[in-house]
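Residue numbers (UniProt numbering): 148 to 426.
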Ligand code: C2E
Ligand code: CA
Ligand code: CA
Ligand code: CA
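(1) Could you tell me which residues DSSP puts in a beta bridge with residue 216?
(2) Just to confirm my understanding: we take residue 394, look at its own chain, exclude 5 residues before and 5 after, and list those with CB closer than 6 Å. What are they?
(3) Buried or exposed: where does residue 332 fall if 16 or more other Cβ atoms within 10 Å of its Cβ makes it buried?
(4) Comparing alpha-carbon positions, which option in 329, 358, 404 and 388 lies nearest residue 369?
(5) With DSSP as the reference, label residue 193 as helix, strand or coil.
(6) Kindly give me the distance between the Cβ atoms of residue 191 and residue 206, rounded to whole angstroms, as I take these residues to be in contact under 8 Å.
(7) Based on the DSSP secondary-structure assignment, which residues constitute the bridge partners of residue 325?
(8) Using only CA atoms, which one of 407, 257, 202 and 226 lies nearest to residue 172?
(9) Answer yes or no: do residue 324 and residue 347 have a C-beta to C-beta separation smaller than 8 Å?
(10) Is residue 289 helix, strand or coil by DSSP?
(11) Are the stretch 174-181 and the stretch 390-406 in contact at 8 Å, needing three or more beta carbon pairs?
(12) With H, G and I counted as helix, E and B as strand and the rest as coil, what does DSSP make of residue 306?
(13) What's the gap between the Cα of residue 247 and the Cα of residue 313?
(14) Just the C-alpha distance for residue 259 and residue 280, rounded to the nearest angstrom, thanks.
(15) Which same chain residues, not among the five before or five after residue 282, have their C-beta less than 6 Å away from its C-beta?
(16) Quick check: the Cα distance between residue 236 and residue 265, rounded to an integer number of angstroms?
(17) According to DSSP, which residues form a beta bridge with residue 262?
(18) Please list, following the chain, all residues that have a C-beta closer than 6 Å to any non-hydrogen atom of ligand 2.
(19) Exposed or buried, which one is residue 220 when buried takes at least 16 other CB atoms within 10 Å?
(20) Note down, in chain order, each residue of its chain lying with its Cβ closer than 7 Å to the Cβ of residue 276, except the 5 sequence neighbours on either side.
(21) Short of 7 Å in beta carbon distance, which residues of its chain neighbour residue 378, apart from the five on each side in sequence? Order them along the chain.
Quick look at the structure:
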């Protein structure tokens, strides 16, 4: 295992694939991992063009008792191979709703929107919508502050069922964001087929847009299209002032990235919010 520079270890190195045995043992450990003890929700701030916090995305960290911090890029795909993803996903939703209820007590944080990543497998579970609605109900938070990040991989699933679920969620004020936009083959078909609220420009475009004219064209087109379709647009992976300036110039007014803040534990995020709200 070698460090990827984000204090997370990468087991699934391209050069060195993990053995099947190792993967299996990790999957076992994942089954035993307890949310809030081993699996920690981190919060990465999202800001508008005035640099006011508008919300956060929850990103999981696995504190493995033996191997240290494991990135979600490693363990989420493992969890998606089985029903473990549904259990983890439900806990993240519960956690999100509990946090939203706390924020809603304070006018300074009442409007923050919390984004939660939803795996295709989790979304297509029969009782997915009920799970979401019952977490909202249990914690008495407003559905309009909860955002679900989905990906175009959902296009490979049952389209009718997908449409019914999206309608039902949106009828409760829950918003949907299309994550990793532009990285697959069906980004446009999912937009044709379903009403969504937000498009999230993938970090890979943000990384290259200042050097690569095609990436810059794509970003400008996506921003344009979003506004015509009544969707907001947010860019992920914003790391430099120059990137922010380019995005702003072309009308992308919401940002997430290391330039503003890395994913951080809850207490740290609350401090971040306090500092930036009073700025
Ligand atoms: P994602 O949803 O595309 O999340 C964005 C990733 O980009 C996160 O990686 C985040 O830490 C990273 N990032 C954000 N801004 C910057 C930046 O400025 N520079 C750099 N270098 N990176 C940045 P992370 O936290 O490692 O998460 C990886 C993936 O794991 C996520 O990608 C998401 O697909 C998945 N994931 C994380 N938490 C969950 C979860 O609760 N449920 C599901 N289903 N998937 C999750
Ligand atoms: Ca995401
Ligand atoms: Ca993303
Ligand atoms: Ca991404």
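Glycine residues also receive a C-beta, built at the ideal position from the N, C-alpha and C atoms.
Based on what the coordinates show:
(1) Numbered from its first residue, the chain shown carries residue 216 at position 69. DSSP output for residue 216 lists 210 as bridge partner(s).
(2) By 1-based counting over the chain shown, the position of residue 394 is 247. Same-chain partners within the cutoff: 382.
(3) In the chain shown, the residue the question calls residue 332 occupies position 185. Under this definition residue 332 is an exposed residue.
(4) The residue labelled residue 369 in the question sits at position 222 within the chain shown. Closest by alpha carbon: 329.
(5) The residue you call residue 193 lines up with position 46 of the chain shown. In the structure shown, residue 193 sits in a strand (DSSP, three-state: E or B).
(6) Numbered from 1 along the chain shown, position 44 holds the residue referred to as residue 191. Numbered from 1 along the chain shown, position 59 holds the residue referred to as residue 206. Going by Cβ atoms, the distance from residue 191 to residue 206 rounds to 6 Å, so yes, they are a contact pair.
(7) Looking up residue 325 in the chain shown gives position 178. Looking at the DSSP assignment, residue 325 forms a beta bridge with 297 and 346.
(8) Counting from one through the chain shown, the residue named residue 172 turns up at place 25. Residue 226 is the option with its Cα nearest to residue 172.
(9) As a working note, residue 324 is residue 177 in the chain shown. As a working note, residue 347 is residue 200 in the chain shown. A contact, by the Cβ cut-off of 8 Å.
(10) Within the chain shown, residue 289 is the residue found at index 142, counting from 1. Coil, per DSSP.
(11) no
(12) Working through the chain shown from its first residue, we reach residue 306 at position 159. If DSSP states are grouped into helix, strand and coil, residue 306 belongs with the helices.
(13) Translated into positions along the chain shown, residue 247 becomes position 100. Translated into positions along the chain shown, residue 313 becomes position 166. Each residue's Cα considered, the two are about 21 Å apart.
(14) As a position in the chain shown, residue 259 is number 112, starting the count at 1. As a position in the chain shown, residue 280 is number 133, starting the count at 1. Using only the alpha carbons, I get a separation of about 19 Å.
(15) Your numbering for residue 282 matches position 135 in the chain shown. The answer, listed in chain order, is 240, 241 and 244.
(16) Within the chain shown, the letter at position 89 stands for residue 236. Within the chain shown, the letter at position 118 stands for residue 265. Distance between the alpha carbons of residue 236 and residue 265: 7 Å.
(17) Working through the chain shown from its first residue, we reach residue 262 at position 115. Paired residue(s): 204 and 294.
(18) 204, 264, 296 and 326
(19) For the purposes of this step, residue 220 is taken as residue 73 along the chain shown, with counting starting at 1. Classification for residue 220: exposed.
(20) Residue mapping note: residue 276 aligns to position 129 of the chain shown, counting from 1. Closer than 7 Å at Cβ, skipping near neighbours: 312, 315 and 316.
(21) Within the chain shown, residue 378 is the residue found at index 231, counting from 1. If we look at residue 378 and ignore the five residues flanking it on each side, its Cβ neighbours are 343, 344, 345 and 346.
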